[in-house]
Amino acid sequence: MTVTLLPTEYIAWFLAFIELTLALYILALNPRQLANQLVALFLGVVGLNSFFEGQFVQATRLTQAYVPSVALAVTTPMIQPLLILITILLIKKSWISGRWRWIWWGTAVLTALPFIVAILDVRFGTRLYYTGLDAQTYSGGFIALRDYTQGVLAPFIRIMGIQVAFLFLLGLLIYLARFDRSLPRQPQRLAVLLFVTNGIGGVILLALQLYSLREMMMTIQAGTLIVSFFLGLVYGYAGFQQIISERKLQRGSLQNRLTLLVLVVTAPLLFGIAFFIVSQSNQVIEAQAGNLLRAASDSGSGALRAWLNSRVSALQQAAAQTDMAGLQAEQQVPVLQNLAAVYPSVLWIGTYDLNGKLVSQKGAWSLAGATADDVRRQTWFAQSAQGVPYSIQAIPEAGAASGVLTVAVPILDSEAQVVGVLALAEKLSAFGQDLDLMQVGNSGFSYVVDEQDRLVGFSSAGSGEALAPILADMSDYPPVRAARQGQQGDVFFLDGGGVSWRAHAQRLENGWAVIAQQPEAELRASLQVVQRSAGWAGVAGLGILLGLLWLTIRQSLSPVQTLTKVARAITAGDLSQTVEVETSDELGILSETFNQMTAQLRESIAGLEQRVAERTFDLERRSRQLEAAAKVAKEAASIRDIRQLLTRTTHLISRNFGFYHVGIFLVDDARQYAVLQAANSEGGQRMLAREHKLRIGQVGIVGYVASTGLPRIALDVGEDAVFFNNPDLPETRSEMALPLKIRDQVIGVLDVQSIQAAAFTNEDVETLQLMTDQIALALENTRLLQESRSALEELNALYGQQTRQAWRQRLERKAIAYRYNRLGIQPVEALPVDQEARSERTAQESQGAEAYELTIPLVLRGQELGTLTLRREHDQKPWSKEERNLAADLVGAVLPALEIARLVEEIQNRAQVESLVGQVSNRVQSSLDLETVVKTAVQEIGTAVKASRVQIRLSDGGSSGTGRLEEDRLIQRS
């Protein structure tokens, strides 16, 4: 047994109300944001799906089910693709525009496909997807999607949009929750939540496919609605959290946004109530209309039964009298007269024997003069002659209002044998009046059809004649056909004129039927009145609600607007503005706090100009200090002598900063004292004269700074008991000492003194420390430069001495001289030249004949290597100054090449010696016998040095050799 607390349509409408309200609310929060739009679209689609599913469940006929079927065909395949889009947007937003964007856009196309195709099907009848409900088989209620979506694209849309999309969503969530390492922890948790939610929903829907669970728990429609609802809630919650976390800028005034937010919550509630009232009214009116039709058909069938019972009973009583069994006309006439008197509407009453011969009659009827054969062919006669208790038949009759109704009973003898037939004929028009069939509403009516589906009576002549003539065949008329097929309940149909009718048929035991029908337009006229009333009431209520909301929010936000106005005025510079406190709630507290803040702001601004002026003075002072420090550092960096650098720096600092005394102390090598090296003042000069120095860490702030490496300020030195008073600088009232540091090591102290008390601040320390660091760097650079120069000079002297000695040895071994003339280059004997004369000779030109001879000394690193003598014939011009300079430059270019050649020659000689030594050593070491080793050594050394005689004398360690062979051992080579 199915257990539901409420009908499925009520569950669907309730859930749809919540979903659509949430959709409007989320969209109203920020309609420009994609997350709001997509989540609102999803909730809207789910809400519409739930709403129209409820409408579908409630539908009782095709016209009521048409719109819900179209809506479900559109929305059902859109839900899963929308879930995929929201999942990507909330968890993996980079896929929207990255290399995986094809997933996003493909899913978007799949989402829009059912909507586009369904619109084409409805508008143009293409039947690509939506094919509609079958009018022949649809009898009301919810049916599956596949029954009305059977176009060529329907399988693709259903499979891809529902099943494949669901499996892809689960796979996507598994990947994001388990395998995507680039996701932060929070999105991974969200992926797990969405996977669990979708998984549970899928399990529930799968379980509902089982009949037993469906019977015990709920209908599959209700289960689908609840699963969709919880999916909407979870995804709505996730989207709402994402919206809050992003905090995008919201546009519009606060009053308008609050009004809209309240309205999107209350307006659906208002219209939901109106819809519920209209729905309930529709059900009541529908029930009343059905009851009215059933009452009309029941009344007609009751009247027909009463009419038949009265006629049949009267005829049977008359036939049972003894006068009737004898079939004597004179005996039967009184009985017939009595019957005619009881039923004056009867057209004719008569009796027949079993051969169809008329025995007696009362009244006139065309069939009374018919032959016996014609009578025997009548159904009423044949049935009665066979002993049927009664028989009724409608017979066309031109003279009797287009037809008569015949009722016949058998006449029995004393042995209950049929001996004749008693019958009466009544006009069909009189039959309808006798039945007094109900007229349903203003334009509805009731009518009766016989067992051959012919019209035999109706409630009003106008309605019956408009429907069909008397005894017309009604077998193809929808309610008659439904009654003949045994269909229960109301029948809804369209007539040939396109008018929609609602009918109810009551079938009698003899095969006749009484049908009551009424136009649906008349049935729903009262419903339309209710709908219009509810609609106008809803619009009026919404207008009143909107007005009250506007006024209430405007009144509530009035302090905020006032506060905003005052804040803008204060921003414009009017600090005299204050906010009037109108309430004692949070807005009132905010106004009071704002007034207090404004008062504090006024007080702050009152003293701001003075602070700005002071700050400006400080900035200007510091700017001047930085400019002066940069100037001092620049000039100090250009000085290369340490003594000059120190003295010049003190005067530059004093002149640019206006200090009374500037002194520079340097730490001695033992790091015991800070020794004054330069000063600008007269007192400083006296201290320099007596070689003033201070013990590090013990005397004065200079000693302190030299010890700690931290700057120090004494604002009033005369009153500072920690530091001593200097008689050479009696006017000092403030003193500042800054360390001169190189690589975190103090090398000295810059001592600055002023005749003003409190002349230095911490800002001065920061500014002047930059200058001090530059001065220390300049001192270090100067020191390093002097050391480099000294080292370079020493290296040059040593290299020159070595070079001169090498050339002297080379030239002593062999002098080099070459002569060039027209015959070419020829070696010549070097001429001896006095060393002193060569060193004093310079390039010169003689008078007369010697003007054609040019002698240039070859001097390399102070060593004159020789001379270059150039001669010209007397018929050529003498040597010019430019030619002499050119010859000197060429000699200067040749000298490095000579030095390189000498070095190469020296290297080659050394290499030969090393090679020779190596060969001799290898040959000597090739034998282990002492005698052989010594002999090999004598031979190889003599060969190597080309000596004519080589001796090796071996003796003990305490003797230098006696010269006697018996005491010394001599090995020689001659």
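Terminal number for the sequence shown in the working numbering: 1309, no gaps in between.
Glycine residues also receive a C-beta, built at the ideal position from the N, C-alpha and C atoms.
Quick check on this structure: which residue in Arg396, Tyr510, Ile940 has the alpha carbon closest to the alpha carbon of Gln471? Arg396
When the Cα atoms are used, what is the spatial distance from Leu1321 to Val753? The requested residue 1321 does not occur in the structure, where the chain is confined to residues 336 to 1309.
Buried or exposed: which applies to Pro1074, given that a residue is buried once 16 or more other Cβ atoms fall within 10 Å of its Cβ? buried
Boundaries of the beta strand (DSSP E) in which Pro318 is found, first to last residue: Nothing can be reported for residue 318: it is not among the residues displayed for the chain, which extend from 336 to 1309.
Which whole-angstrom value describes the C-beta separation of Val1268 and Val1285, a residue pair presumed to lie in contact below a C-beta threshold of 8 Å? So it is not a contact: roughly 14 Å between Cβ atoms.
The beta strand (DSSP E) spanning Ser810 covers which residue range? Ser810 -> no beta strand (DSSP E), and no H or E assigned at all.
Check this for me: beta carbons of Ile974 and Leu980, under 7 Å apart or not? yes
So, Pro603 versus Thr356, is the Cβ gap smaller than 7 Å? yes
Roughly how many angstroms lie between the CA atoms of Ala664 and Val694, to the nearest whole one? 6 Å
Comparing alpha-carbon positions, which option in Arg1078, Ile1082, Ile1036, Asp1079 lies nearest Asn1061? Ile1036
Compute the Euclidean distance between the alpha carbons of Ser939 and Leu1064, then round it to the nearest angstrom. 44 Å
For Ile746, count neighbouring C-beta atoms within 10 Å of its own C-beta (all shown protein chains included) and say buried if the count is 16 or more, exposed if not. buried
Alpha carbon to alpha carbon, how far is Leu425 from Trp440? Give it in angstroms, no decimals. 16 Å
Apart from the five residues just before and just after Ala653, which ones in its own chain have a Cβ nearer than 7 Å to its Cβ? Met659, Val670, Leu674, Leu757
State the start and end residues of the unbroken beta strand (DSSP E) segment that holds Asp1086. 1080-1089
Measuring straight from C-alpha to C-alpha, what distance separates Thr1102 and Ile1110? 13 Å
Which whole-angstrom value is the C-beta distance of Ala638 and Leu806, which I expect to be below 8 Å? Rounded, the Cβ-Cβ distance is 20 Å, inconsistent with contact.
How should Leu943 be labelled, buried or exposed, when 16 other C-beta atoms within 10 angstroms of its C-beta is the threshold for buried? exposed
Express the C-alpha separation of Leu643 and Ala751 in angstroms, rounding to a whole number. 23 Å
Look at the alpha carbon of Leu627 and the alpha carbon of Ala760, and state the distance between them as a whole number of angstroms. 32 Å
Considering Glu1241, what are the terminal residues of the alpha helix (DSSP H) in which it resides? 1216-1259
Helix, strand or coil, according to DSSP, for Arg1173 in the structure here? In this predicted model, Arg1173 has a pLDDT of only 44, less than 50, meaning its place in the structure is not dependable; the value taken from the coordinates is given anyway. Three-state DSSP puts Arg1173 in a helix.
So, for Phe606: in the same chain, excluding its five sequence neighbours on each side, which residues have a beta-carbon less than 6 Å away from its beta-carbon? Gly873
Which of helix, strand or coil does DSSP assign to Asn1156? strand
Cβ pair Gly755, Glu857 closer than 7 Å: no
Pairwise C-alpha distance: Gln1247 and Glu1240: 11 Å
Taking just the CA atoms, how far does Asp830 sit from Ala705? 40 Å
Between Val1100 and Ile905, what straight-line distance do the alpha-carbon atoms span, to the nearest angstrom? 40 Å
Would DSSP call Trp700 helix, strand or coil? coil
State the CB to CB distance for the pair Leu504 and Thr422, rounded to an integer number of angstroms; the pair is presumed to be in contact (CB under 8 Å). 7 Å
Separation of Phe793 from Thr741, as counted between CA atoms: 18 Å
Whole alpha helix (DSSP H) runs in the region 1006-1031 with 4 or more residues, listed along the chain? 1017-1024
Specify the secondary structure class of Ala846 as computed by DSSP and reduced to three states. Note that residue 846 is Gly in the sequence shown, not Ala. Gly846: coil per DSSP, three-state reduction.
Quick one: Cα of Asp953 to Cα of Ala1049, how far? 20 Å
Own chain partners of Gln1161 with C-beta closer than 6 Å, once the 5 adjacent residues on each side are dropped: Arg1154
Please classify Ile346: is it buried, with 16 or more other beta-carbons within 10 angstroms of its beta-carbon, or exposed? buried
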